Amino acid sequence: MYLLYSIVTLVALVVASPWFLYQGLRHRKYLGSLRERLGYLPVSFNLDGDPSIWVHAVSVGEVLAARPLIAALRIRYPRLKLFLSTTTRTGQQLARRNLSEVDGVFYFPFDWTFVVRRTLAVVKPRLFVMVETEIWPNLLRECRRRKVRTVVVNGRISYRSFPRYKLVRPLFRRVLADVDRFCVQGDETARRLIELGADASRITVTGSLKFDALGIGGGLGIGAGAGAPLRGPDRVMRFFRLSRNRPVLIAGSTLKGEDEPIIRAFNRIRITTPNALLIIAARHPERFDDVERLCRQEGLATVRRSQLAIDAEPRADAVVLDTIGELAQLYQLGTVVFVGGSIVPAGGHNILEPAAFGKPVVFGPHMQNFGEIAATFTANDAAVQVRSERELEDTLVALIDDPVRRARLGAAARALVEQNRGAKDKTLAVLGELLPQDRLAEVLPFPGAH
-7 MYLLYSIVTL
3 VALVVASPWF
13 LYQGLRHRKY
23 LGSLRERLGY
33 LPVSFNLDGD
43 PSIWVHAVSV
53 GEVLAARPLI
63 AALRIRYPRL
73 KLFLSTTTRT
83 GQQLARRNLS
93 EVDGVFYFPF
103 DWTFVVRRTL
113 AVVKPRLFVM
123 VETEIWPNLL
133 RECRRRKVRT
143 VVVNGRISYR
153 SFPRYKLVRP
163 LFRRVLADVD
173 RFCVQGDETA
183 RRLIELGADA
193 SRITVTGSLK
203 FDALGIGGGL
213 GIGAGAGAPL
223 RGPDRVMRFF
233 RLSRNRPVLI
243 AGSTLKGEDE
253 PIIRAFNRIR
263 ITTPNALLII
273 AARHPERFDD
283 VERLCRQEGL
293 ATVRRSQLAI
303 DAEPRADAVV
313 LDTIGELAQL
323 YQLGTVVFVG
333 GSIVPAGGHN
343 ILEPAAFGKP
353 VVFGPHMQNF
363 GEIAATFTAN
373 DAAVQVRSER
383 ELEDTLVALI
393 DDPVRRARLG
403 AAARALVEQN
413 RGAKDKTLAV
423 LGELLPQDRL
433 AEVLPFPGAH
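Under our numbering, think of the first position of the sequence shown as -7, with each following residue one higher.
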């Protein structure tokens, strides 16, 4: 069965290779990371062959969610190396730039046995941590053979993935048996895992790490207080020295088909508030050009974030966010925030980042990927869910004109974020069972002994 899986994935890669080649040539994706994806890490990556903890986070969202856990692992296991892998280039860039706690960052290998063996031989993990839904049969089987403990953290099985997993349930049951523990976001994911064949005794509902990833001041960094210098993740704020009375509409993580109703709503807003600013962040970098073109076609004076002058106010109607990892901090500027992937049927994106800043959040009907969180927010009148493009436009315009409702929505959103923190500590408790600190001295060499 594993051989069949490997053959199918190889055939799929061969069939898709023209697309990957096109993406590589057009957008500079994949080609530069091919050696690492084939398991060829530099010898210097782990020169002394030290044991490690290997955390895998697919892309930007997973990297951000894993940040508080990674910081805690660094403190709890100081004698173990800490490595992080990602699948996407944007996740890789963010991790290299912002995760000083890790000893190395690399691209996740293709899930073929001979490839993962190469990677494991260099990384030498004692614990393999998968963020959200990363189930790789050959890697997990090889970890089991090498007595590497494995755990899924912040786990979720989305409504879109669940039917696909059920189609290969016999294989999936065997694969899930190679995972030592599952730390999942909610009861629905726990139920789905059990239905797919996971042992219920290995599942712990810990909540979402994304609540803990939000800084005290909101967002995924530490908010700067009045007069504080802006460094690190806060530095982006120096490009948006906005007038106090300037309304800001932020559209985050938009997908194709969502930009048009946002721009129409913004043009309606400008009728009564001509100084309003639109910040629009496409989910995928390859769409930056299209979004900029669309804004200009609709009559908006448009500039890219990368073209803004530091310590100045943007002299434009719209800013296209063409940078990676800055959206979370920019949410604090929003008068109203729309979170994309939800008007088109893509399952929605994370609403917690603007909520942590106490911002009124609007999203569409397709929030299945964050169903439990979305339902909690709407039930507590902490966000607005719209059903159509027209309703989206009307809601955004109405909220800009209604400061009382904005304040009520924002306060309820922030309160929910504070109430739901704690997933990091629950997850660490599970990891402590898999990798007890008091037993590490029995298996690790003394510092300097090799």
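For glycine and all other residues, C-beta sits at the position ideal for the given N, C-alpha and C. Keep in mind the model is a prediction, meaning the values are calculated, not measured.
*Over the uninterrupted beta strand (DSSP E) stretch that includes residue 267, give me the two end residues.*
Judged by DSSP secondary structure, residue 267 falls outside any beta strand (DSSP E); it is assigned neither H nor E.
*If we count Cβ pairs, one from each stretch, closer than 8 Å, do we get three or more for the stretch 323 to 338 versus the stretch 348 to 368?*
Because the criterion of three Cβ pairs below 8 Å is met, the stretch 323 to 338 and the stretch 348 to 368 touch.
*Among 391, 204, 228, which residue has its Cα nearest to the Cα of residue 410?*
Ranked by Cα distance from residue 410, the first of 391, 204, 228 is 204.
*State the DSSP-derived secondary structure class of residue 111, mapped to helix, strand or coil.*
Here residue 111 sits in helix by DSSP.
*Counting pairs of beta carbons, one from the stretch 387 to 398 and one from the stretch 33 to 43, are three or more of them closer than 8 Å?*
No: fewer than three Cβ pairs fall under 8 Å.
*asked:* So within the stretch 177 to 206, which uninterrupted beta strand (DSSP E) runs reach at least 3 residues, ignoring any that extend past its ends?
replied: The qualifying runs are 195 to 197.
*Spatial neighbours of residue 448 in its chain, beta-carbon cut-off 7 Å, leaving aside the 5 residues before and after*: Here the chain covers residues -7 to 442 and nothing more, so residue 448 does not appear.
*Run of the beta strand (DSSP E) containing residue 501, from where it starts to where it stops*: With the chain covering only -7 through 442, there is no way to say anything about residue 501.
*asked:* Can you tell me whether residue 264 is buried or exposed? The criterion is at least 16 other CB atoms within 10 Å of its CB, across all chains shown.
replied: Exposed: under 16 other Cβ atoms inside 10 Å.
*Taking C-beta to C-beta, are residue 104 and residue -2 nearer than 8 Å?*
In this structure, residue -2 lies closer than 8 Å to residue 104 by Cβ.
*Can the beta-carbon of residue 426 be found closer than 8 Å to that of residue 119?*
The answer is yes: Cβ separation under 8 Å.
*Are residue 125 and residue 89 touching if we call contact CB-CB under 8 Å?*
Their beta carbons are not under 8 Å apart, which means residue 125 does not touch residue 89 by this criterion.
*Is residue 448 helix, strand or coil by DSSP?*
One cannot answer for residue 448 here, as it falls past the ends of the chain, which runs -7 to 442.
*Throw me the rounded Cβ distance for the residue 102 and residue 37 pair, which I believe falls under 8 Å.*
Not really, about 17 Å apart at Cβ, beyond 8 Å.
*For residue 46 versus residue 129, is the C-beta distance shorter than 8 Å?*
It is not a contact, given that the beta carbons lie outside the stated cut-off.
*Would you identify the three-state DSSP class for residue 38, choosing helix, strand or coil?*
The answer is helix: DSSP assigns residue 38 an H, G or I state.
*Count the other CB atoms, across all protein chains shown, that sit within 10 Å of the CB of residue 139; report buried if there are 16 or more and exposed otherwise.*
Counting the other Cβ atoms within 10 Å of the Cβ of residue 139 gives fewer than 16, which makes it exposed.
*Report the three-state DSSP secondary structure of residue 133 (helix, strand or coil).*
Helix, per DSSP.
*Cross-strand partners of residue 174 (DSSP beta bridge)*: As a beta-bridge residue in DSSP terms, residue 174 pairs with 144, 195.
*Using only alpha-carbon positions, find the residue among 131, 406, 334 that is nearest to residue 372.*
Out of 131, 406, 334, 406 has the C-alpha closest to the C-alpha of residue 372.
_Alpha carbon of residue 300 to alpha carbon of residue 185, nearest angstrom_ = Distance between the alpha carbons of residue 300 and residue 185 is about 47 Å.
*Quick one: what does DSSP say residue 228 is sitting in, helix, strand or coil?*
Looking at residue 228 - three-state DSSP - the assignment turns out to be helix.
*Given residue 449 as reference, the closest of 24, 244, 83, 278 once Cα atoms are compared*: Given that the chain is displayed from residue -7 to residue 442, the structure contains no residue 449 and the question cannot be resolved.
*Identify whether residue 120 lies in helix, strand or coil by the three-state DSSP scheme.*
Reduced to three states, the DSSP call for residue 120 is strand.
*For the alpha helix (DSSP H) containing residue 403, list its first residue and its last residue.*
Unbroken alpha helix (DSSP H) run through residue 403: 395 to 411.
*Fully enclosed by the stretch 360 to 386, which beta strand (DSSP E) runs are 3 residues long or longer?*
Counting only runs of 3 or more, we get nothing.
*Return the CA-CA distance between residue 389 and residue 249, expressed in angstroms with no decimal places.*
When rounded, the distance between both Cα atoms is 19 Å.
_Length of the line joining the Cα atoms of residue 169 and residue 428_ = Answer to the nearest angstrom: the Cα atoms are 21 Å apart.
_For residue 172 and residue 206, I'd like the C-alpha separation in whole angstroms._
Each residue's Cα considered, the two are about 28 Å apart.
*Under a three-way DSSP split, which group does residue 209 fall into?*
Any reading at residue 209 is ruled out, since the residue's pLDDT is 40, under 50, leaving its predicted position unreliable.
*Kindly identify the DSSP beta-bridge partner or partners of residue 96.*
In the DSSP output, where bridge partners are listed per residue, residue 96 has 75.
*Using DSSP with H/G/I as helix, E/B as strand and the rest coil, what is residue 245?*
Annotated three-state conformation of residue 245 is strand, per DSSP.
*Relative to the alpha-carbon of residue 310, which residue among 375, 239, 379 has its alpha-carbon at the smallest distance?*
Looking at 375, 239, 379, the one whose alpha-carbon comes closest to that of residue 310 is 239.
*Which residue spans inside the stretch 313 to 351 form an unbroken beta strand (DSSP E) run of at least 3?*
For the stretch 313 to 351, the continuous beta strand (DSSP E) assignments of 3+ residues that do not extend past its boundaries occur at 328 to 331, in sequence order.
*Given a cut-off of 8 Å, decide if residue 401 and residue 422 are closer than it, judged by their beta-carbon atoms.*
Going by C-beta atoms, residue 422 is not nearer than 8 Å to residue 401.
*Enumerate in chain order the residues of its own chain whose CB-to-CB distance from residue 164 is below 7 Å, with the five nearest sequence positions on each side excluded.*
So the qualifying residues of the chain are 157, 188, 189.
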